[in-house]
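For reference, the structure discussed in these notes is given below.
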Amino acid sequence: MPELDAAAILKTQLRERTLAARDALPPELRQAAAQAIAVGPFPVPVEPGIVISGFMPLKSEINPIPLMRKLAALGARLALPVVRGRGKPLTMRAYAFGDLLDSGQWGIREPKPEAPEVFPDILLVPLSVFDRNGNRIGYGAGYYDMTIARLRTLKPVRTIGLAYAMQEVPAVPATERDERLDLVLTERGVIDCGGA
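For the sequence shown, my numbering assigns the number 48 to the initial residue and increments by one for each residue that follows.
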C-alpha cells in the first residue's frame, strides 16, 4: 500500500495547486472558455435520443451549461448526477432545461427524486486535474470513478472530461481504481486520450 499512499499524497498536492490556480482565473476568462467549448466541435456524434449526463458547476469549475444547451438542441436527452451517499456511485437522473432542481450535497443542484434514473451513453465529467492519457483527479471521494466503472459494466459509455487547459499536467498518478477518460474538452480544443 505504500505506492497508494504516495499516489494519494501526490494527487492531493496536484489538486490543491491546480484548484488554487483555477480559482484565480478571472470570471471573464472562465465564461469565454465555457463558450469556446460550446461552439467548438463536439467529438462524438449526437444522434437524437442519445443520453448525455452533464453536471452543475461547483465553485470555479468550467460551466458545462452552454455545451449542454447545444447538445439538447441537437436532440440529446440530458441527465444530471445525484449523490446517493459516500462510497456509492452516482445515480444519473433525467433532466431538461426548465426542470425544478433540489439542492443536494454541497449545495449542488440535482434532479428531484421523481426524475427517472437513466444510463448515459456519454458522461461529461468534472475534474480538478487531468493528463493526456485520460487520467484525472476529481475531488477525492471517487464518485465518478465508481459511476464510470458501474456504467461500463452495463453498456458502452464515452467519458469526456471538461476543463480549462491550465488544469492539464504532464502525468497524473493513477491507481487501479481510477477510470480513464476517453476525451477531454478544453477551450483550446479536443484532446483524444486514446480511448476514442
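Built from N, CA and C at the ideal position, the CB exists for glycine as well.
Taking Ser26 as the reference, give the member of Thr138, Gly87 and Asp70 with the closest Cα. Since the first residue shown for the chain is 48 and the last is 243, residue 26 is missing from the structure and cannot be characterised.
Could you spell out the range, first to last residue, of the alpha helix (DSSP H) harbouring Leu114? In the DSSP assignment, Leu114 falls within the alpha helix (DSSP H) that extends over Ile112 to Ala120.
In whole angstroms, give me the CA-to-CA distance for Arg183 and Arg227. Those two C-alpha atoms are separated by around 7 Å.
Whole-angstrom Cβ separation of Glu157 and Leu127, contact assumed at under 8 Å? Taking C-beta atoms under 8 Å as the contact rule, Glu157 and Leu127 qualify, at a distance of about 6 Å.
For Ala141, collect the residues of the same chain with a Cβ closer than 6 Å to its Cβ; drop the 5 residues on either side in sequence, then sort them by chain order. For Ala141, same chain residues with a beta-carbon under 6 Å away, outside a window of 5 residues either side, are Ala126, Ala162, Pro163 and Val165 in chain order.
Could you tell me the alpha carbon to alpha carbon distance between Thr233 and Ala188, rounded to whole angstroms? Cα to Cα, the separation comes out at about 23 Å.
C-alpha gap between Arg64 and Asp52, whole angstroms: Whole-angstrom Cα-Cα distance: 18 Å.
Return yes when the Cβ of Val98 is within less than 9 Å of the Cβ of Arg124, no when it is not. In this structure, Arg124 places its C-beta atom within 9 Å of the C-beta atom of Val98.
Expressed to the nearest angstrom, what Euclidean distance is found between the alpha-carbon atoms of Met48 and Gln60? For Met48, the predicted structure reports a pLDDT of 48, less than 50, and the residue's modelled location is therefore unreliable. A value from the coordinates is still provided. Each residue's Cα considered, the two are about 19 Å apart.
Specify whether the region 196-204 and the region 75-89 touch according to this definition: at least 3 beta carbon pairs, one from each stretch, less than 8 Å apart. Contact between the region 196-204 and the region 75-89 is absent, because fewer than three Cβ pairs lie under 8 Å.
Own chain, CB closer than 7 Å to Asp192, minus 5 neighbours either side, in chain order: Close CB contacts of Asp192 within its chain, under the 7 Å cut and outside five residues either way in sequence, are with Arg224, Asp225 and Glu226 (chain order).
DSSP bridge partner residues for Gly236 (one or two, in chain order): Gly236 is bridged to Thr233.
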